[in-house]
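S.K.:
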């Protein structure tokens with residue numbers, strides 16, 4: 873699955889159960905805090921950030937370590953789900 | 007005969023579907039695991055009736071309670087009620103479960119039975135009294151554990167405040183597994199900070215039943231830099247294992263000698279909350295084996311165990327882990343009640359520890375089921391780099407605070 877199919881995927885995900893890994897994110901991402909909210913955020917932007925964290929090309933505290941636990945396709949599914957929340 | 011049975015099934019099926027009451031899930035324990043599971047079950051499928059049973063009207067959060075002990079935070083910041091949980095459509099019952107009957111799918115309150123379709127237990131830990139000889143409930147009034155936040159946290163704080171400058175604070179740290187693996191070392195750091203800044207002729211000694219611990223290199227580097235005169239760590243190999251507690255004299259005995267404390271903090275051996283044993287979901291280790299996809303007990307069907315009580319493989323016993331497990335468990339239970347197969351999950355954990363106010367380190371992990379256990383995904387996770395800058399560590403402290411705000415809001419509403 874490539875980033876281009878993110879748009880098609882997001883249309884299906886309104887009330888769907890979260891894909892593997894997605895439900896953990898809101899432990900940190902969700903409040904009125906310096907940590908960015910994911911709900912409703914553009915999926916392609918989330919995927920780009922995760923890919924950069926995984927590659928080590930984006931400055932990070934913990935997200936570089938967490939992003940390494942997911943494949944690109946898993947990240948696409950997670951990002952698409954968050955966009956719909 | 008065959009045809010008649012088929013007709014009977016066809017006719018009966020819609021009737022049963024209509025007449026069947028909503029499935030009921032009972033959640034026992036209103037901490038980071040239980041309260042999250044209850045709220046997310048309602049979110050996963052609003053047809054499910056969710057009952058959360060918790061004996062206390064107010065939850066006292068453990069994360070950041072070490073700051074309360076060090077005098078850097080008010081305990082009021084640790085208190086959470088259940089109004090938000092009730093507003094999510096969860097029936098909150100303030101009561102104590104007296105027994106669980108997995109064979110009858112019922113939770114008992116004395117003579118009253120509450121039937122369930124599925125049960126989620128999130129009982130947290132209990133102190134294994136006398137597992138460390140001499141350490142019983144009476145001893146904890148003199149030598150607090152402060153490993154369940156609340157009155158014990160305040161008792162340890164008061165003792166530190168009352169201690170004259172020049173005193174010795176002694177803590178003992180247990181063997182694995184226990185709640186919050188880096189917790190003793192964060193606490194030691196923050197107590198050392200308090201001593202260094204308020205009572206500089208005093209000292210903190212940590213007697214450890216382990217040679218290795220979570221974020222060890224980071225903690226030891228911080229201690230060397232920040233508290234060289236105020237914090238001493240005695241490893242298992244160096245005789246740190248405490249074998250007996252004497253509350254009459256505030257003394258810790260080890261194989262190599264004894265340490266008399268002015269202020270004593272005993273972090274004792276622990277096990278799953280007592281209701282887990284009563285339900286038959288704890289094994290001989292005192293903890294609860296679970297299926298890593300659904301968190302269903304390996305010992306009792308239709309009973310799920312999450313949080314500190316569960317044997318979650320590589321996942322540590324942390325608030326973050328309990329909350330993450332609760333969300334996975336809630337989705338799995340909703341799927342099972344709807345007759346669907348739960349998806350194989352991925353779970354994340356992140357734990358921050360303060361080595362001083364405004365200076366934090368972290369450990370993270372990503373997990374998936376492998377051979378019936380939750381295992382680390384290789385290449386992911388790990389600790390803050392040893393060469394992290396002051397700015398990065400300050401940012402981690404800021405994120406730790408943000409995490410607490412977010413997770414408590416997600417858990418309690």
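Residue numbers (the working numbering), protein chains in the order written: chain A, 873 to 957; chain B, 7 to 419. From the three backbone atoms N, C-alpha and C, an ideal C-beta is built for every residue, glycine too. The structure presented is a predicted model; accordingly, all values stated were derived computationally and were not measured.
1) Can you give me the Cβ contacts of residue 327 of chain B inside the same chain, cut-off strictly under 8 Å, excluding the 5 residues immediately before and after it?
2) Can you pull the chain A residues whose beta carbon is under 8 Å from the beta carbon of residue 339 of chain B, in chain order?
3) Return the chain-ordered list of same chain residues with a C-beta closer than 6 Å to the C-beta of residue 195 of chain B, the five sequence neighbours on each side being excluded.
4) Quick one: what does DSSP say residue 266 of chain B is sitting in, helix, strand or coil?
5) Do the segment 330 to 345 of chain B and the segment 122 to 136 of chain B make contact, defined as three or more Cβ pairs closer than 8 Å?
6) List the residues of chain A whose Cβ lies closer than 9 Å to the Cβ of residue 367 of chain B, in chain order.
7) So, is residue 940 of chain A buried or exposed, given that buried needs 16 or more other C-beta atoms within 10 angstroms?
8) Just to confirm my understanding: we take residue 158 of chain B, look at its own chain, exclude 5 residues before and 5 after, and list those with CB closer than 8 Å. What are they?
9) Output the boundary residues of the beta strand (DSSP E) element that contains residue 310 of chain B.
10) Let me know the secondary structure DSSP gives residue 11 of chain B once reduced to three states.
11) So which of B:35, B:46, B:33 has the shortest CA-CA distance to residue 896 of chain A?
12) Can at least three beta-carbon pairs, one atom from the segment 88 to 96 of chain B and one from the segment 213 to 223 of chain B, be found at a separation below 8 Å?
13) Would you kindly work out how many angstroms separate the C-alpha atoms of residue 305 of chain B and residue 291 of chain B, rounded to a whole number?
14) Just how far apart, CA to CA, sit residue 227 of chain B and residue 120 of chain B?
15) Would you call residue 405 of chain B buried or exposed, if buried means 16 or more other Cβ atoms sit within 10 Å of its Cβ?
16) Tell me the DSSP bridge mates of residue 202 of chain B?
17) Whole angstroms is fine: what's the gap from residue 79 of chain B's alpha carbon to residue 945 of chain A's?
18) Does any C-beta atom of chain B lie closer than 8 Å to the C-beta of residue 889 of chain A?
19) Do residue 237 of chain B and residue 210 of chain B come within 8 Å of each other at the CB atom, strictly closer than that value?
20) At the 8 Å Cβ level, is residue 913 of chain A part of the contact set with chain B, yes or no?
21) Among the candidates B:225, B:197, B:189, B:186, whose CA atom is the shortest distance from the CA of residue 269 of chain B?
22) What residues from chain B crowd round residue 906 of chain A, counting only those whose CB sits closer than 8 Å?
23) Under a three-way DSSP split, which group does residue 58 of chain B fall into?
24) Does DSSP put residue 108 of chain B in a helix, in a strand, or in coil?
25) Buried or exposed for residue 955 of chain A, please, with buried defined as at least 16 other CB atoms from any protein chain shown within 10 angstroms of its CB.
26) State the beta-bridge partners of residue 375 of chain B as determined by DSSP.
27) Hey, residue 188 of chain B and residue 357 of chain B: beta-carbon distance below 8 Å or not?
28) State the start and end residues of the unbroken alpha helix (DSSP H) segment that holds residue 926 of chain A.
29) Classify residue 929 of chain A: buried if its beta carbon has 16 or more other beta carbons within 10 angstroms, exposed otherwise.
30) Helix, strand or coil: which one does DSSP assign to residue 396 of chain B?
31) When you compare the CB of residue 938 of chain A with every CB in chain B, is at least one pair closer than 8 Å?
32) Which full runs of the alpha helix (DSSP H) of 4+ residues lie inside the segment 115 to 180 of chain B, going along the chain?
M.R.: Reading off the structure:
1) 313, 318, 321, 353, 355
2) Simply none; closest approach about 12 Å.
3) 361
4) strand
5) yes
6) Going along chain A, no residue has its Cβ under 9 Å from residue 367 of chain B, so there is no contact; the nearest lies around 10 Å.
7) buried
8) 146, 150, 151, 152
9) 309 to 311
10) Because the pLDDT at residue 11 of chain B is just 41, under 50, the model does not fix this residue reliably, and the point stays unresolved.
11) B:46
12) no
13) 13 Å
14) 53 Å
15) buried
16) Paired residue(s): none; residue 202 of chain B is not in a bridge.
17) 43 Å
18) yes
19) yes
20) no
21) B:197
22) 404, 405, 408
23) strand
24) helix
25) buried
26) B:380
27) yes
28) 915 to 927
29) exposed
30) helix
31) yes
32) 143 to 148, 157 to 168
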